[in-house]
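Numbering (our numbering), first residue to last: 425 to 688. The C-beta atom is built at its ideal place from N, Cα and C for all residues, glycine as well. I have placed the structure first, in the form of structure tokens, so that the comments after it can refer back to it.
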């Protein structure tokens, strides 16, 4: 699979993209299940060590049984990974065939979403049709990344307002720092610094360039409103490092949403 943010190749075992460091949301649910098995494995292994020190022959037999259980766990994990990958590949092939059969309509829809500045719909459309890794839409790469970033920040804000914890029991502080990651990385990944984009790159020209300018301004406005930033603070978020920006957002979050922010 491809990283939704930077387009790099990912495996189902990759919790985070090794290139841009963003969460691999496409496999988050699968990884949560495996994490449960891993916790059970660690608990079983620790229990086996205790019993082996204290129970003599019976303890050794118990350890053997427990080790067999560990082997079964490993086989289950391997089978789960294999089945998941097979199902995902079939789904990828099905979607690729659908895009091939409706290429003109897909392209027209992208043009419409870009023109209308429908950032959220753009992100979901790209995700549903797996367009992030489709070489035919390479010139949309920065547009796609910008839409992904906008939606990620938007969802972080909603998670704060709703008290959502996700798969990892995240707190409001986590969501604030997650938003800070996408904002601080904007110039590198959306602006193209990380990719050494040429000044005259088609990814930043024409309608693409206008879209990128608008979505950056709208993202800044959204962050300013929901985190109560001053004009000076809002205009400086693009140049702040992750830690400083995360601290700023969280400090304001606790002031603006004391009920939601009382989770530390």
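Nearest-angstrom beta carbon gap, residue j and residue i [assumed within contact, 8 Å]
i           : j           : result
residue 431 : residue 573 : Not confirmed; about 13 Å, so no contact.
residue 446 : residue 556 : Between residue 556 and residue 446 the Cβ distance is about 12 Å, and since that is not below 8 Å, they are no contact.
residue 613 : residue 569 : 5 Å
Nearest to residue i (by Cα), restricted to the options the options
i           : options            : result
residue 532 : 550, 449, 521      : 550
residue 603 : 678, 444, 674, 500 : 674
residue 714 : 647, 513, 619, 630 : Residue 714 lies beyond the residue range present for the chain, which begins at 425 and ends at 688; the question has no answer from this structure.
residue 582 : 493, 536, 651, 516 : 651
residue 639 : 541, 449, 668      : 541
Endpoints, alpha helix (DSSP H) assigned at residue i
i           : result
residue 579 : 565–586
residue 669 : 666–680
residue 640 : 630–651
residue 658 : 655–660
residue 689 : There is simply no residue 689 to check, as the chain begins at 425 and stops at 688 in what is shown.
residue 606 : 596–608
Nonlocal neighbours in the same chain, by C-beta distance under 6 Å from residue i, ignoring five residues either side
i           : result
residue 685 : Confidence at residue 685 is low in this model, with a pLDDT of 49, below 50, so its placement is unreliable and the value that follows should be read with caution. Within the same chain, residue 685 has close Cβ partners 596, 677, 678.
residue 444 : 429, 430
Own chain, CB closer than 7 Å to residue i, minus 5 neighbours either side, in chain order
i           : result
residue 553 : 519, 523, 530
Neighbourhood of residue i by C-beta distance below 8 Å, restricted to the same chain and skipping five residues each side
i           : result
residue 510 : none
residue 616 : 566, 625, 627, 628
residue 577 : 603, 606, 607, 643, 646, 647
residue 539 : 631
So does the stretch 553–570 actually touch the stretch 578–596, counting three or more Cβ pairs closer than 8 Å?
Pairwise C-beta distances place the stretch 553–570 out of contact with the stretch 578–596, as fewer than three of them are shorter than 8 Å.
Would you say the stretch 648–665 touches the stretch 597–609, given that touching needs at least three Cβ pairs under 8 Å?
Yes, they touch.
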